[in-house]
Amino acid sequence: MSGLRIEERPDRLVVTLDRPEKRNAIDADLIAELHQVCAELEARPRLLLLTGGTAGIFAGGADIGQLRERGRTDALAAINSAAFARIRALPMPTVAAVDGPALGGGAELAYACDLRVCTARAVFGQPEVRLGILAGAGATHRLPALIGEGRAKELLFTGRRVDATEALRIGLVNRVVDEPGELLTVAHALLDEIALGSPLAMRLTKLAVDAPAAAHPHLDLVSQAVLFEDDEKHRRMTEFLERRRAR
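The sequence shown begins at 71 in this note's numbering and counts up by one.
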């Protein structure tokens, strides 16, 4: 892949945006490579860590040169939003590790992940209205879900940028690290903590959380019924009871 660097680990895939000369701008080729990553994780579900590397930039947004030339049929083709929706729907949890600016499509790529960890120099923003378009790759519905409708509308209407301190306060990110060199360590530690859970329970939990309200409680009941019959549930609960008896 020319725009991504991929590191495979037993329980996770580490995907690094690798277009530093373009500030990791999201172009059609990068979108195609993200679809390849999704296909791999759909076929063999694992955790995902998505990062912008060590250049102090997560993603400066969509490639404006390409975006300027797109017409209505390109918009209807959902070029970016389809890839980000696919990331959002991956079977196992995903974490975005953000260092520096995550703007426009770059911010929407981070929102597509389940969790976000960032450095103190991270910045999020949706400048689309100032370029004559809307944030059409997920921000209009994911951002309100993350930070509330009023705050989301303010950011979408004004294009104002949010620094790391505010992002943590309003729930846009889960954790902030002071030093850029600590970012991936903290992100991997979060994934390590997630990996302690049952993979099947994790998949069904993510499915339940992301499901529309009308699916509950039916989806929860069916998912729990599946898990109650899972050998992993019996093993984990037996080990828990044995540890308690030993204490």
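Every residue gets a Cβ at the ideal spot worked out from N, C-alpha and C, and that includes glycine.
All figures in this text were calculated on a predicted structure; none of them were measured in a lab.
Member of the options whose CA lies at the smallest distance from the CA of residue i
i: Met272; options: Ile101, Gly73, Phe128 and Gln294; result: Gln294
i: Val84; options: Asp301, Pro197, Ala207 and Ala167; result: Ala167
i: Val40; options: Gly241, Arg239 and Ala257; result: In the structure displayed, the chain extends from 71 to 317; residue 40 sits before or after that span and is not available.
i: Leu137; options: Gly126, Ala129 and Ile149; result: Ile149
i: Leu160; options: Arg140, Gln106, Gly123 and Cys188; result: Gln106
i: Leu242; options: Ile217, Leu204 and Glu249; result: Ile217
i: Arg116; options: Leu261, Thr255, Ala129 and Ser151; result: Leu261
i: Ala129; options: Glu299, Gly220 and Ala95; result: Ala95
i: Leu100; options: Gly175, Thr164, Leu146 and Glu139; result: Gly175
i: Val193; options: Ala316, Glu236 and Glu302; result: Glu236
i: Glu302; options: Leu270, Ala234 and Glu110; result: Leu270
i: Glu78; options: Leu225, Ala147 and Leu111; result: Leu111
i: Ala164; options: Glu139, Arg140, Arg221 and Arg82; result: In the sequence as displayed, the identity of residue 164 is Thr instead of Ala. The shortest C-alpha separation from Thr164 is found at Arg82.
i: Thr189; options: Lys92, Arg212 and Thr255; result: Thr255
Three-state class that DSSP yields for residue i in the structure shown
i: Cys188; result: strand
i: Pro269; result: helix
i: Ile76; result: strand
i: Gly229; result: coil
i: Ala182; result: helix
i: Pro163; result: coil
i: Ala222; result: helix
i: Ile96; result: strand
i: Leu311; result: helix
i: Leu261; result: helix
i: Ala148; result: coil
i: Leu204; result: coil
i: Phe194; result: strand
i: Ala281; result: coil
i: Ala113; result: helix
i: Val246; result: strand
i: Pro171; result: strand
Outcome for residue i when other beta-carbon atoms lying within 10 angstroms are tallied against a minimum of 16
i: Gly202; result: exposed
i: Phe154; result: buried
i: Glu312; result: exposed
i: Pro90; result: exposed
i: Val292; result: exposed
i: Leu308; result: In the sequence on display, residue 308 carries Thr and not Leu. With fewer than 16 other Cβ atoms within 10 Å, it is exposed.
i: Ser11; result: Nothing in the structure corresponds to residue 11, since the chain is present only between 71 and 317.
i: Asp144; result: exposed
i: Ala205; result: buried
i: Ala113; result: exposed
Alpha-carbon to alpha-carbon, residue j and residue i
i: Arg75; j: Ala283; result: 37 Å
i: Leu87; j: Ala265; result: 23 Å
i: Arg17; j: Gly126; result: Here the chain covers residues 71 to 317 and nothing more, so residue 17 does not appear.
i: Glu299; j: Arg305; result: 11 Å
i: Asp184; j: Arg314; result: 33 Å
i: Arg186; j: Ala180; result: 7 Å
i: Leu104; j: Arg317; result: 48 Å
i: Asp233; j: Asn244; result: 14 Å
i: Arg212; j: Gly122; result: 21 Å
i: Ala182; j: Cys108; result: 12 Å
Checklist entry - Is there contact between the stretch 129-138 and the stretch 258-278, where contact requires at least three CB pairs shorter than 8 Å? => result no
Checklist entry - Can at least three beta-carbon pairs, one atom from the stretch 226-244 and one from the stretch 191-203, be found at a separation below 8 Å? => result yes
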